[in-house]
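Chains as they are written, first to last, in our numbering: chain A, 1 to 345; chain B, 346 to 690; chain C, 691 to 1035; chain D, 1036 to 1380.
See structure below.
Protein chains: 4
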Amino acid sequence: MTVRFALLGAGRIGKVHAKAISANASATLVVVADAFPKAAADLAAAYGCAISTIDAIEADKSIDAVVICTPTDTHADLIERFTKAGKAIFCEKPIDLDVERVKACLKVVDSVGGTLMVGFNRRFDPHFMAVRDVIANGEIGDVEMVQITSRDPGAPPVDYIKRSGGIFRDMTIHDFDMARFLLGEEIDTVTAYASNLVDPAIGAAGDYDSVSVILTTATGKHATISNSRRATYGYDQRIEVHGSKGAVSAENQRPVSIEVANAKGYTRPPLHDFFMTRYTEAYANEIRTFIEAVEAKTPASPSGLDGLIALALADAAVKSVKEKRAVPVSEITGVLADKSVFQGR
Amino acid sequence: MTVRFALLGAGRIGKVHAKAISANASATLVVVADAFPKAAADLAAAYGCAISTIDAIEADKSIDAVVICTPTDTHADLIERFTKAGKAIFCEKPIDLDVERVKACLKVVDSVGGTLMVGFNRRFDPHFMAVRDVIANGEIGDVEMVQITSRDPGAPPVDYIKRSGGIFRDMTIHDFDMARFLLGEEIDTVTAYASNLVDPAIGAAGDYDSVSVILTTATGKHATISNSRRATYGYDQRIEVHGSKGAVSAENQRPVSIEVANAKGYTRPPLHDFFMTRYTEAYANEIRTFIEAVEAKTPASPSGLDGLIALALADAAVKSVKEKRAVPVSEITGVLADKSVFQGR
Amino acid sequence: MTVRFALLGAGRIGKVHAKAISANASATLVVVADAFPKAAADLAAAYGCAISTIDAIEADKSIDAVVICTPTDTHADLIERFTKAGKAIFCEKPIDLDVERVKACLKVVDSVGGTLMVGFNRRFDPHFMAVRDVIANGEIGDVEMVQITSRDPGAPPVDYIKRSGGIFRDMTIHDFDMARFLLGEEIDTVTAYASNLVDPAIGAAGDYDSVSVILTTATGKHATISNSRRATYGYDQRIEVHGSKGAVSAENQRPVSIEVANAKGYTRPPLHDFFMTRYTEAYANEIRTFIEAVEAKTPASPSGLDGLIALALADAAVKSVKEKRAVPVSEITGVLADKSVFQGR
Amino acid sequence: MTVRFALLGAGRIGKVHAKAISANASATLVVVADAFPKAAADLAAAYGCAISTIDAIEADKSIDAVVICTPTDTHADLIERFTKAGKAIFCEKPIDLDVERVKACLKVVDSVGGTLMVGFNRRFDPHFMAVRDVIANGEIGDVEMVQITSRDPGAPPVDYIKRSGGIFRDMTIHDFDMARFLLGEEIDTVTAYASNLVDPAIGAAGDYDSVSVILTTATGKHATISNSRRATYGYDQRIEVHGSKGAVSAENQRPVSIEVANAKGYTRPPLHDFFMTRYTEAYANEIRTFIEAVEAKTPASPSGLDGLIALALADAAVKSVKEKRAVPVSEITGVLADKSVFQGR
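Structure, rendered in structure tokens:
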């Protein structure tokens, strides 16, 4: 079977997925739609697909799956519309910036019995997957503490910041999901500190650019997250996990790994410049996993619920920064009572 | 000039200092005193010094300096007694487990005009000193975020735990001092989470064995600390500092740095087994720095005030864990108002 | 323009090139031919191309380029035949095991004015290319000494060994080419030592499995090569280059770069298992470079002459092992007098 | 027992040994002698020993051991004189620049039954010792190939070069000994290439500054050595050993192991500046091993024979460079027939 894809949104991340779909022998990128005709035309030319519209794609029975890369405020509507149209859906995170809107959207997906996968691409990075395998194999015993370092090479434009929902919902959300992925338990409380050290314009826009977080679980496990919108040396993406029998870590990746030695010392090149190059393999693995779920008609993971929980953790972090206290996640949402959350993993 | 030393306390850390003093060409270890005659005799034999008593050392005008390695609850009394006797004092941390007792002790030292140095050995590790130099040289711009990882290879006996003042005053205190050393600013708030994951007996004794901390400064800088009483792979001691122009880190140290490659992969040996081997050079540098201060009659650093502030941070951390909130350090003590604290550095 | 490819030979390396051609947007894999119908059919199915024959491909005017991955003893004949048919040719190394046959073949290519590129894939590895760039940028000054370590994870079957021309022509030939690539000068003498340490069957077949080589240039530069048919830890591929102002090295690559720490130490996974996974990017870059030469109608590099010289160095090495002396390359062939050899680079 | 030492020669290496002796609790540095009164006086002041003369030391029955750090051309005479005087002798390499003179000297030592240890300090480096232990424990199976990289940070003055016996006897001699130490077999042939790339003045003095060597054993094992008098990044000292079951390597050492990351990449500081700092621990271990042999009255290792063999390998290398061929060590000396050479190890 070849899964026939429509791509909604031909921007930066849309191109990443177009490339991954095109390179997958089990998939065909059939059409692309974008509000900007030129963006759609460029992507269509680059990947040899047709240009279409939301309405036409909705009506096209030959399309099996839709990849949603449009602006965040359109995600929930598009998910509802295309799940009702019988399409399997891959949606970039977040589903929405509002927890209640996400809940409502997920109810629609559930009622239809549709397939929905959320784009937490880092779960599919081969290095992080290997870390997870080491944990799953029991090599480090019981997980005790997780440390996640995640720094962007530079701050985005303030216009982006304003629409982003803030650093916790835009950037840390990936780390919240990774913490859950590695801890193997739900988060109980979120304690966050955030400040404005990189770009005063970000502060003026009401957001932060530097973040430290402590997450705890009911059994006393810890995860810490360190985020910054600045890393002069490239896209800094590291995790380490300490357990009762040992530890496992995934170091940073760089495009070339040479070393130059001279009187100043030993120098290796900077890291990857950003997620498009750092997570190339992850995006390919991610879309392959989605295709496999579509073909096998099994639930996709990370699920809509995973997307909802990560968003709730972001909301708890925002509240923690304001109230200078540890915020129980239950204050944000009752979803964690749903024990089925780990079943799809 | 040769500085003539008396050593009080011939236990584990006493031996470390005896070795460092003996190897220093500007110092002579003249006498040792210990409540346990055998301990004193063994150390005296190993380092070729005499055995004496507290009283005799106090009365001995030929002794220039006293190194205090006795149990914590004797430190403040001994500092007061020997500073009045005109001796320069090097005291192992902490000065006392009670902030008010420390304050009173420091007033006595100040009134006498005595020399007091507190044993935060890590400031003298060549790798951490090099990190500090990189910061001081402006190579990474303004410091923004500090990450400290500090894990002991194993938990101490519960008897030790009970007398220790708890993990924050016994273990994290070093990291609190290191955070101040690297941030170059005083700590404004302490947020801590602690749990019991390693040894239930530690929990039964009312202490924790796993700690995550966020420290903040008035200008919005962050420091995070990750502590555990467990590290199967050796004594884990790492720091990294992120600034506006770059980052600097100090990696773990191991006694031998070979690598064996076979079908299972590439394996390097475990780290140093604990502080005596990991910080050998630091202890030598530390005692040399003390000797230089004694010889030059200049204030010693880290000072008694540094000891007091680190203890106050530990108290704030204890309070934060209990009250699940960010604790302003000003709730513990007013010392941070004293702007002279960084002058001696 | 899209370059239309025919692939001759559907074996292991044929599949590697089929994959690289298919993934290149400027190329189409049109047909494959193989003496074994099943091999051709499998590859055709996997990459969506037609099955054809040598004769039909020769006659097909729509085919622009031919990739030759057939057994070595067919290479020279196929090159001559297809260059006369006006096809651009990419041929796996070596062109032939006999220097005189290679010379004759290259004369045919020259007389036709055809495009011929030889498959020294390592020149296109991004890490080795970065090493070369460092040299070209003058960062390490004048190159003085090159060290190449190249170990296969395991010995091939003896049947392969017997047809291979021996370890120098089969395996070290890549390192000879890399030495030239990095030294930027022609080799003057070859001194080699070879022994049989890995598999006695290889010795019984008249070949070696363990090799050390010293190459020298007329200006006194050195290159050393260390080869083995055994590396329990994966495919070992390292280079380092020392110059008057510094050194540059490229370390080994592994599929995942995690590290597990426990009481036994710190362990990273083994290296890539062999060239197909280690040099994935190199193969893609290589075929892209060939396509660019075909499109631009410029000479392809590495050229047929590069292939000839590497073979001559292998012959010199064989002679050196037998005669236990440094063998001037001029004893093997006069090609090095041709100063045009570096022009295409 | 405390071994009482006399030190002959108060130059650079003399100071290194004075420091190691002083720091050893089982040894006392009693006297120093040097043809330059100021050199002797400085060292005597620094280490608290007396100044004496060769004659007085020879006559002093209280002296147990003599460390010879005088110019090379005095070594053999001093060894003979002091071994007859009943002193245990530690002599810096080489014993003499002439193989026949060394043989004669060793005969005298043997006839007296004296203790003689030769200063191949690298055998006592903890990292190289760990490599040797890995081999001895069978962790990498049978040793097959050894690679030694050894580069000095800079060329010595030409005056030193002229008296040194040439690079093979002065510098490579350490690597020849290390190759034997790691191979566990005697060297059968030496093939060397040497050129003049670093400093033309060295070439004008008849010596080389850049060396590549292949050593072989009777069973077909290989060792390669790469030497240069130039390494802009510090004192480059690496070994790797490949065996039938795996490989083991010892990487370079640096005084501080921090890393600075910025837009130019990740930079670690240069290596140790030279042998005095790189091999501090090795010198301490070396003198301790000598003291243990003196105390236990057991043969010291590395022995005089080890010194003789390394010199013979250097002579073979010189011959190989001139005659452009593999030189059997038996052409230089018959000592390898003496199977007792490995007994003391």
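Don't be surprised by glycine CBs; every beta carbon is placed ideally from N, CA and C.
Taking a C-beta distance under 8 Å as the contact criterion, D/V1276 and B/I603 do not qualify as a contact pair. Residue contact with chain B for C/P960: present (Cβ-Cβ distance below 8 Å to some residue of chain B).
Under the Cβ distance rule, B/A592 counts among the residues neighbouring chain A, one pair being separated by less than 8 Å. A Cβ of chain A is located within less than 8 Å of the beta carbon of D/A1296. Here A/D159 is exposed. Its C-beta has fewer than 16 other C-beta atoms within 10 Å.
In the DSSP secondary-structure assignment, B/S646 is not bridged to any residue.
For A/T115, there are no C-beta contacts with chain B under 9 Å, since the nearest C-beta of that chain is about 37 Å from it. Bounds of any beta strand (DSSP E) do not take in A/L182; it lies within the alpha helix (DSSP H) bounded by I173 to L183. Per the C-alpha coordinates, the member of B/D418, B/I399 and B/T564 positioned closest to B/R426 is B/I399. For a cut-off of 8 Å, the C-beta gap from D/V1137 to D/L1346 is around 6 Å, short enough to register as a contact. For A/V112, there is no enclosing beta strand (DSSP E); the residue is found in the alpha helix (DSSP H) stretching over V99 to V112. Counting along the chain, A/S212 sits inside no alpha helix (DSSP H); it lies in the beta strand (DSSP E) bounded by residues S210 to T216. Taking 4 residues as the minimum length, the alpha helix (DSSP H) runs contained wholly in the segment 1045-1079 of chain D are 1047-1057, in order along the chain.
Looking at the backbone, the Cα of A/P299 and that of A/A293 are separated by about 6 Å. In its chain, beyond the 5 residues on either side, V16 have a beta carbon closer than 6 Å to the beta carbon of A/M276. At least one CB atom of chain D sits nearer than 8 Å to the CB of A/G265. Here C/F980 is buried. Its C-beta has 16 or more other C-beta atoms within 10 Å. Annotation for B/A595: the continuous beta strand (DSSP E) segment containing it runs A592 to A595.
DSSP places B/I402 in no beta strand (DSSP E) but in the uninterrupted alpha helix (DSSP H) bounded by I399 to A404.
Contacts between D/A1091 and chain C, judged by CB atoms closer than 8 Å, are missing: the closest CB pair is about 49 Å apart.
Within the segment 1163-1188 of chain D, contact with chain A at the beta-carbon level (separation under 7 Å) is assigned to no residue. From the listed residues C/P816, C/S1020 and C/D800, the smallest Cα separation to C/E971 is found for C/P816.
As a beta-bridge residue in DSSP terms, C/P1018 pairs with C/T879. At a C-beta separation below 7 Å, A/A23 has these neighbours in chain C: A713.
Using beta-carbon distances, D/N1231 counts as an interface residue toward chain C, with a partner under 8 Å.
The beta carbon of D/L1113 is closer than 7 Å to those of L1043, I1103 and T1105 in its chain, skipping five residues each way along the sequence. By the C-beta criterion, the segment 138-154 of chain A is judged to be in contact with the segment 231-251 of chain A, since at least 3 inter-stretch pairs fall below 8 Å. The continuous alpha helix (DSSP H) containing A/N285 extends over residues T280 to A296. Secondary structure at C/V693: strand, using DSSP grouped into helix, strand and coil. The residue from D/A1139, D/R1204, D/D1099 and D/S1263 with its alpha-carbon nearest to that of D/A1331 is D/D1099. Closer than 7 Å at the C-beta level to chain D, one finds these residues of the segment 232-257 of chain A: T232 and Y233. For the 8 Å CB-CB criterion, C/T907 and D/Y1228 do not form a contact.
Taken atom to atom, the span from the alpha-carbon of A/E323 to that of A/A316 is near 10 Å. B/A395 carries a strand assignment under DSSP once its states are collapsed to helix, strand and coil. For A/S210, the chain B residues whose C-beta falls within less than 8 Å of its own C-beta are E489, M490, G565 and H567, listed in chain order. Sequence-distant partners of B/R574 (beyond 5 residues in either direction) whose C-beta falls short of 6 Å from its own C-beta, in its chain, are D497, A500, V543 and D554.
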